[in-house]
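Undergrad: Each number in this note's numbering comes from the position in the sequence shown (counting from 1) with 7 added on. Just passing along the structure, written as structure tokens.
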Amino acid sequence: MRRVEGYARHVKADVSPEQAIELASVDKLAEKLLAHIVATKDEIALLHIHGAPSKAIQTHFAKLLREDLGFREEVVLTPQSGLVTHARPDFFFELEEGRGIIAEVERGGTTTNNHDLKDLWKAHIAPDAHHLFLMVPQNNWKADGSPRERPFPIVARRLGAFFGDPRREIDVLSAHVFAY
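As structure tokens, then:
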């Protein structure tokens, strides 16, 4: 796992040379997303307040993901054989045929409703998704402006449990958690 302030990266323990090349491309996109979060932190702070609509945060990230990086929004992924699912992430980026990145923007229910684990599950069961970009709050706020919870460190730790040991690993090559 690689960690910097507001960012955690988890990768499978054993990575093939082909996967290492793919990871380098994914990491470049992750670096652009992290730089965007840092550069627009004041704008994000105005959007991420108690009672504000979650869509405002998603729209903010759409500017970079969709318009600058080429992610598509609300794409229905290929269903997993034997499972009845129509996974529809917030954003999807196709790296190549059958391989891609799911990007999800979470807010209030990140840990209280296990949205982080649902997003990881979505990446796990989708045959065309192998990477997860998960944007979560550093803090969720109470009406008085004080922090109610701190989702980022919880999510970074929880998702890390699925990486680093082949016995625990799932079918996701990398998970990147970004705090906003």
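Here a beta-carbon is modelled for each residue, glycine too, at the ideal position from N, C-alpha and C. Just so we're clear, the structure is a prediction, and the values are computed from it rather than from any experiment.
On the DSSP letters alone, give me the boundaries of the alpha helix (DSSP H) that Phe68 sits inside.
TA: Against the sequence shown, residue 68 aligns to sequence position 61. Taken as a continuous stretch (DSSP letters only), the alpha helix (DSSP H) holding Phe68 covers Ser61 to Ala69.
Undergrad: What residue from Val33, His67, Ser32 and Glu29 has the CA that sits closest to Ala46's CA?
TA: Counted from its first residue, the sequence shown places residue 46 at position 39. Nearest option by C-alpha distance: His67.
Undergrad: Short check: CB of Val78 to CB of Ala27, under 8 Å?
TA: The residue you call residue 78 lines up with position 71 of the sequence shown. The residue you call residue 27 lines up with position 20 of the sequence shown. According to the sequence shown, residue 78 is Phe rather than Val. No. Outside cutoff.
Undergrad: Touch check for the segment 122 to 129 and the segment 92 to 111: three-plus C-beta pairs under 8 Å?
TA: The segment 122 to 129 vs the segment 92 to 111: in contact.
Undergrad: Which value, in whole angstroms, describes the spacing of the CA atoms of Val112 and Arg175?
TA: The residue labelled residue 112 in the question sits at position 105 within the sequence shown. The residue labelled residue 175 in the question sits at position 168 within the sequence shown. Approximately 25 Å, taken between the alpha carbons.
Undergrad: Exposed or buried, which one is Glu29 when buried takes at least 16 other CB atoms within 10 Å?
TA: As a position in the sequence shown, residue 29 is number 22, starting the count at 1. Glu29 comes out buried.
Undergrad: From the DSSP output, in three-state form, read off His183 for me.
TA: Within the sequence shown, numbered from 1, the residue matching residue 183 stands at position 176. Reduced to three states, the DSSP call for His183 is strand.
Undergrad: Give me, in chain order, the residues of the same chain whose beta-carbon lies closer than 7 Å to that of His43; leave out the 5 immediate sequence neighbours on both sides.
TA: Translated into the one-based positions of the sequence shown, residue 43 becomes position 36. Correct list, in chain order: Leu71.
Undergrad: Starting from Ile28, trace the alpha helix (DSSP H) both ways and give me its first and last residue.
TA: Numbered from 1 along the sequence shown, position 21 holds the residue referred to as residue 28. Pro24 to Ala46 is the span of the alpha helix (DSSP H), which, as asked, contains Ile28.
Undergrad: Can you give me the C-alpha to C-alpha distance between Asp21 and Gly152, rounded to a whole angstrom?
TA: In the sequence shown, the residue the question calls residue 21 occupies position 14. In the sequence shown, the residue the question calls residue 152 occupies position 145. About 44 Å.
Undergrad: In this structure, does DSSP put Arg106 in helix, strand or coil?
TA: In the sequence shown, residue 106 corresponds to position 99, counting from 1. In the structure shown, Arg106 sits in a strand (DSSP, three-state: E or B).
Undergrad: Buried or exposed, going by whether 16 or more other CB atoms sit within 10 Å of the CB of Arg114?
TA: Residue 114 sits at position 107 when you count from the first residue of the sequence shown. When all chains shown are included, Arg114 counts as buried.
Undergrad: Can you have a look at Pro144 and say buried or exposed, based on whether 16 or more other CB atoms are within 10 angstroms of its CB?
TA: As a position in the sequence shown, residue 144 is number 137, starting the count at 1. So Pro144 counts as buried.
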